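This report concerns only the one structure given below.
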Amino acid sequence: LKQILNAQTEAKKLKNVKKEDVGGMLVENAKNPDAIREQKLEPRADGTQCLNGRSWIPCYGDFQTVIMYESHKSKYSIHPGSDKMYPYMKKLYWWPNMKDDIATYVRKCLTCAKVKAEHQRPSGLLV
C-alpha cells in the first residue's frame with residue numbers, strides 16, 4: 205500500500221506526468237502541465253488515489269506486473285485466462301491499456317501455454 209502511494213506521488217511529478225497522463229486524466233491543459241488535475245482522482249482514507257472507485261496503478265514502478273502476477277498465479281486463483289482475469293481486475297484497479305497488458309501477460313505465461321497444449325486434440329494423420 206505504501207509502495208503504491210509512493211508510486212502515485214512520483215507519477216504526478218512534472219518529469220513523469222506526461223507519460224502517466226492518459227486522456228487528460230492528470231493534466232488540465234496541455235499548455236500548462238504544471239496544473240495537475242486532481243478532481244478526476246479521488247482520495248481514499250488510506251491516502252491512495254482512485255479513479256471511478258478503482259485503485260489507480262501508475263506506470264511508474266512495476267506494480268502493474270506485480271498485481272497481474274498475484275491475480276494470475278496466486279493460490280486463490282488458478283491461472284485464469286485474460287477473459288476471466290480482466291473483468292475481475294477492472295473492478296479493483298485501473299491503468300492505461302490494462303486489458304491489453306493482461307492479455308499479453310496471460311499469453312506469455314508458460315504454465316498456461318503448457319496446459320493449453322496438453323488439452324488440444326492431436327492433429328490428424330499426415331499423408
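Quick note: to get our numbering, add 204 to the position in the sequence shown (first position is 1).
By construction, the Cβ of each residue, glycine as well, lies at the ideal position given by its N, Cα and C atoms.
Computed from a predicted model, the values in this text were never measured in an experiment.
Measuring C-alpha to C-alpha distances from D266 to each of D305, L218, K312, H283 identifies D305 as the nearest. Secondary structure of C254 (DSSP, three-state): strand. Under the three-state reduction of DSSP, Y280 is assigned to coil, being neither helix nor strand. Residue state for P247 is assigned as strand, using DSSP reduced to three classes. When beta bridges are read from the DSSP output, W260 appears opposite W298.
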